[in-house]
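*Asks:* Those protein sequences? They're chains A and B, same order as listed.
The first sequence begins at 1 in our numbering and counts up by one.
The second sequence begins at 1001 in our numbering and counts up by one.
Backbone N, C-alpha and C fix where the C-beta goes; we use that ideal spot for every residue, glycine too.
Have a look at the structure that comes next, please.
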Amino acid sequence: KAGVTQTPRYLIKTRGQQVTLSCSPISGHRSVSWYQQTPGQGLQFLFEYFSETQRNKGNFPGRFSGRQFSNSRSEMNVSTLELGDSALYLCASSLWGAGEQYFGPGTRLTVT
Amino acid sequence: SQQGEEDPQALSIQEGENATMNCSYKTSINNLQWYRQNSGRGLVHLILIRSNEREKHSGRLRVTLDTSKKSSSLLITASRAADTASYFCATDRQGAQKLVFGQGTRLTINP
């Protein structure tokens, strides 16, 4: 079956702008988690959605938000971008939140 | 803060040798997982070991879990150049329902 897809793969934005990233999970997976990966902080958990409900949220400011649709596809949004938001954003789907995660290829966001 | 801490941060060995990476964590867990990441790409799940298991094998991979010491190790036998990647442990803390990743071990296999 098809893997997790993320769009776009690369993105360049300017400080102050906002961005929306998209993730399509593996068919049948109802849990979608988002992670931010940077060289300095490593892999940090952003949030997890299960059946359109946010079940868990990491320690990120309110500028980071997300949602999940009835078909389990998920989007995350970052408003008022800062230079420090430059990172690889990874989406992962699973049957249940803390089980085996299937990761997408990531979206590389560069904020200038 | 990260739940898991991998050791060493970087490891360089010759092809054919065995590679061992360690992971320590702080709180009680439901399961511990290991993932591999090739440079700048998504992570690939390698193995999941539950808190009531002590050892698990998958091909050339062997994972052990010692809940009394709150530590796990990943052994890759007969390493290959294609094993060059970063390896992360991730823990599912009891009650948290989310995975927390360590900082990773960067493994380099020299031909």
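In its own chain, which residues sit with a C-beta less than 8 Å from the C-beta of Thr53 of chain A, not counting the 5 before and 5 after it?
*Replies:* Here residue 53 of chain A refers to the residue found at position 53 when the first sequence is read from its first residue. Closer than 8 Å at the Cβ level, and outside the excluded window around Thr53 of chain A, lie Gln68.
*Asks:* Rounded to a whole number of angstroms, what is the C-alpha to C-alpha distance between Val1063 of chain B and Gly99 of chain A?
*Replies:* Start at 1 with the first residue of the second sequence, and residue 1063 of chain B comes out as number 63. Start at 1 with the first residue of the first sequence, and residue 99 of chain A comes out as number 99. If you take the alpha carbons of Val1063 of chain B and Gly99 of chain A, they lie about 17 Å apart.
*Asks:* Find the residues of chain B that neighbour Glu48 of chain A, judging by a C-beta separation of less than 7 Å, and give them in chain order.
*Replies:* On the first sequence, position 48 is the one that residue 48 of chain A refers to. In chain order: Lys1098.
*Asks:* Any beta carbon of chain B sitting closer than 7 Å to that of Glu82 of chain A?
*Replies:* To locate residue 82 of chain A, count along the first sequence from 1; it is residue 82. Judged by the 7 Å Cβ criterion, Glu82 of chain A is not in contact with chain B.
*Asks:* Among A:Asp85, A:Leu43, A:Tyr49, A:Leu11, whose alpha-carbon lies nearest the alpha-carbon of Pro25 of chain A?
*Replies:* Position 25 of the first sequence, counted from the start, is the residue given in the question as residue 25 of chain A. Considering only alpha carbons, the answer is A:Tyr49.
*Asks:* Contact criterion: CB-CB distance below 7 Å. Does Gly1042 of chain B meet it with respect to chain A?
*Replies:* As a first step, residue 1042 of chain B is located in the second sequence; it is residue number 42 there, counting from the start. Yes, Gly1042 of chain B counts as interfacial toward chain A.
*Asks:* Can you check whether the C-beta of Ala87 of chain A is within less than 7 Å of a C-beta belonging to chain B?
*Replies:* Position 87 of the first sequence, counted from the first residue, corresponds to residue 87 of chain A. No, Ala87 of chain A does not count as interfacial toward chain B.
*Asks:* Along the beta strand (DSSP E) that carries Gln37 of chain A, what are the first and last residues, could you check?
*Replies:* Looking up residue 37 of chain A in the first sequence gives position 37. That run of the beta strand (DSSP E) goes 31-38.
*Asks:* Name, going along the chain, the residues of the segment 54-70 of chain A whose beta-carbon falls closer than 7 Å to a beta-carbon of chain B.
*Replies:* Arg55, Asn56
*Asks:* Around the C-beta of Thr1105 of chain B, are 16 or more other C-beta atoms found within 10 angstroms, so that it is buried, or is it exposed?
*Replies:* In the second sequence, the residue the question calls residue 1105 of chain B occupies position 105. Around the C-beta of Thr1105 of chain B, 16 or more other C-beta atoms lie within 10 Å, and the residue is accordingly described as buried.
*Asks:* If you reduce the DSSP assignment to three classes, tell me which class Ala1010 of chain B lands in.
*Replies:* One-based indexing of the second sequence puts residue 1010 of chain B at position 10. Note: Ala1010 of chain B maps to strand in three-state DSSP.
*Asks:* What first and last residue would you give for the beta strand (DSSP E) that runs through Gly42 of chain A?
*Replies:* For the purposes of this step, residue 42 of chain A is taken as the residue at position 42 of the first sequence. Its beta strand (DSSP E) spans residues 42-50.
*Asks:* Near Pro1111 of chain B, what residues of its chain come up, given a Cβ to Cβ distance below 6 Å and the 5 sequence neighbours on each side ignored?
*Replies:* Here residue 1111 of chain B is taken as the residue at index 111 of the second sequence, counted from 1. Closer than 6 Å at the Cβ level, and outside the excluded window around Pro1111 of chain B, lie Glu1015, Ala1081.
*Asks:* Would you decide whether Arg9 of chain A is buried or exposed? Buried here means 16 or more other CB atoms lie within 10 Å of its CB.
*Replies:* For the purposes of this step, residue 9 of chain A is taken as residue 9 along the first sequence, with counting starting at 1. Exposed, since its Cβ has fewer than 16 Cβ neighbours within 10 Å.
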